[in-house]
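Residue numbers (our numbering): 59 to 412.
Glycine included, each C-beta is placed from N, C-alpha and C at the ideal position.
Note that this is a predicted model, so its numbers are computed, not measured.
Notes follow the structure.
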């Protein structure tokens, strides 16, 4: 069969019966509106916001006698993470008990002098001196109490110390937030200095992606663009574009906020992401098998009463096994998604051998 020198898609119609459609195993499907257009792929890394991560350190020098949390554990605020034996804690407790005893005696003297002042036995100046001494001892007692709190003792433990007046060198290290243990830096039996790092804990309710955008592609990216991890259905939204270029690889940092609380991501994980932008009005997503090429142009075959109409379209991007197209389409059409090769052969007059 002779093929025409040029074929136009203008009002092109492929006349084909339902029986022939079935014989050629041609399948149709509805057009799917496309809300985004893929731009390019870029490497990224999963991180936690800095304000959702804490470093737990030893509040006093001591010997690690117990480790109650491991990497990956979920912990709650106030939960015991580790236990230390700290001689320095004994000194702080002794100083606190001494300060509280002196405050108690000062309170008795204050009450006595107040009564004597009311009876006219002592002068106003003596009462003022008693008041000043009492205030100073109250400040020292409060300072000693604050040092115990900073050392890691809870308010309940301090109250027990006041009642029992029994000194102890056991110090509990507690979680300051709800979160997940990302790292453990202390080992059982280790002797730690004050402020030695022990655990790194993060609240994973919010995750970010740090994406390396090639400098030459930066102009096509803007805040608000969507990001999709490959493979998978995890998505994020770009919230920041960096203001400096990495001198080593000439990329710019983009930060994206991950949607929801996906289970498949891990802090520190390297990922490959696809940058997306809002699609054009009237854009659709179609399987790659639905597209036919001729003389550098792209076409789809739209089902109608006489068979299939040939409609020229513009391919705006690729997204896995689908293509994003736009053209003279209303959106309610059925297009051929299987058997497009046979339809193209019929259209171009090549027979079914193409």
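Boundaries (first-last residue) of the alpha helix (DSSP H) holding residue i
i           : result
residue 199 : 182 to 209
residue 144 : Per DSSP, residue 144 belongs to no alpha helix (DSSP H) and is neither H nor E.
residue 81  : 76 to 81
residue 402 : 398 to 406
residue 217 : 213 to 222
Supposed contact pair residue j and residue i - C-beta distance, whole angstroms, cut 8 Å
i           : j           : result
residue 122 : residue 246 : 6 Å
residue 237 : residue 209 : Wrong, their Cβ atoms sit about 23 Å apart, outside the cutoff.
residue 171 : residue 184 : 7 Å
residue 371 : residue 384 : 7 Å
residue 328 : residue 103 : 6 Å
residue 120 : residue 229 : 6 Å
residue 331 : residue 391 : About 33 Å; that fails the 8 Å criterion.
Burial state of residue i, where buried means 16 or more other Cβ atoms lie within 10 Å
i           : result
residue 75  : exposed
residue 404 : buried
residue 344 : buried
residue 134 : exposed
residue 401 : buried
residue 165 : exposed
residue 73  : exposed
residue 409 : In this prediction, residue 409 has a pLDDT of 49, which is less than 50 and means its spatial position is unreliable; what the coordinates show is noted afterwards. Counting Cβ neighbours within 10 Å, residue 409 comes out exposed, since fewer than 16 surround it.
residue 283 : buried
residue 59  : The predicted model places residue 59 with a pLDDT of 34, which falls under 50 and marks its position as unreliable; any figure quoted below should be read in that light. Result: exposed.
residue 360 : buried
residue 220 : exposed
Residue i versus residue j: straight-line alpha-carbon distance, rounded
i           : j           : result
residue 203 : residue 154 : 6 Å
residue 64  : residue 71  : Confidence at residue 64 is low in this model, with a pLDDT of 38, below 50, so the placement of that residue is unreliable and no value is reported for it.
residue 281 : residue 368 : 39 Å
residue 239 : residue 147 : 26 Å
residue 235 : residue 99  : 36 Å
residue 389 : residue 358 : 13 Å
residue 407 : residue 365 : 15 Å
residue 342 : residue 97  : 16 Å
residue 411 : residue 313 : Interpretation of residue 411 is limited by its pLDDT of 40, a score under 50 that renders its predicted location unreliable; no figure is taken from the coordinates.
residue 143 : residue 160 : 28 Å
residue 266 : residue 114 : 22 Å
residue 194 : residue 186 : 12 Å
residue 272 : residue 213 : 53 Å
residue 105 : residue 82  : 52 Å
residue 145 : residue 258 : 25 Å
residue 379 : residue 311 : 29 Å
residue 92  : residue 112 : 42 Å
residue 152 : residue 192 : 20 Å
residue 413 : residue 218 : Since the first residue of the chain shown is 59 and the last is 412, residue 413 is not available in this structure.
residue 180 : residue 201 : 31 Å
residue 354 : residue 131 : 57 Å
residue 276 : residue 299 : 9 Å
residue 348 : residue 398 : 6 Å
Residue range of the unbroken beta strand (DSSP E) whose run includes residue i
i           : result
residue 377 : 365 to 377
residue 334 : 328 to 336
residue 358 : 355 to 362
residue 258 : 255 to 260
residue 268 : 266 to 272
residue 96  : 94 to 105
residue 345 : 341 to 345
residue 286 : 284 to 288
residue 314 : 309 to 316
residue 87  : 85 to 88
residue 324 : Note, residue 324: premise wrong, no beta strand (DSSP E); not H, not E.
residue 294 : 293 to 303
residue 109 : Element bounds for residue 109: n/a, residue is neither H nor E.
residue 73  : 71 to 73
residue 380 : 380 to 385
residue 120 : 120 to 125
residue 277 : Premise fails: residue 277 is in no beta strand (DSSP E) and is neither H nor E.
residue 351 : 350 to 352
residue 136 : Segment: none, residue 136 is in no beta strand (DSSP E) and carries neither H nor E.
Best match in the options for proximity to residue i [C-alpha to C-alpha]
i           : options               : result
residue 254 : 140, 152, 331 and 206 : 140
residue 309 : 383, 97 and 274       : 274
residue 285 : 225, 156, 198 and 377 : 377
residue 127 : 231, 224 and 269      : 231
residue 320 : 293, 299, 383 and 149 : 293
residue 116 : 106, 177, 300 and 233 : 233
residue 333 : 265, 84 and 95        : 95
residue 251 : 102, 118 and 111      : 118
residue 227 : 214, 206 and 244      : 206
residue 350 : 381, 220 and 300      : 381
residue 269 : 304, 355 and 244      : 304
residue 373 : 363, 386 and 81       : 386
residue 326 : 241, 80, 137 and 163  : 241
residue 108 : 264, 307, 137 and 353 : 264
residue 197 : 162, 217 and 279      : 162
residue 138 : 149, 88, 129 and 125  : 125
residue 158 : 175, 216 and 90       : 216
residue 295 : 302, 318, 306 and 277 : 318
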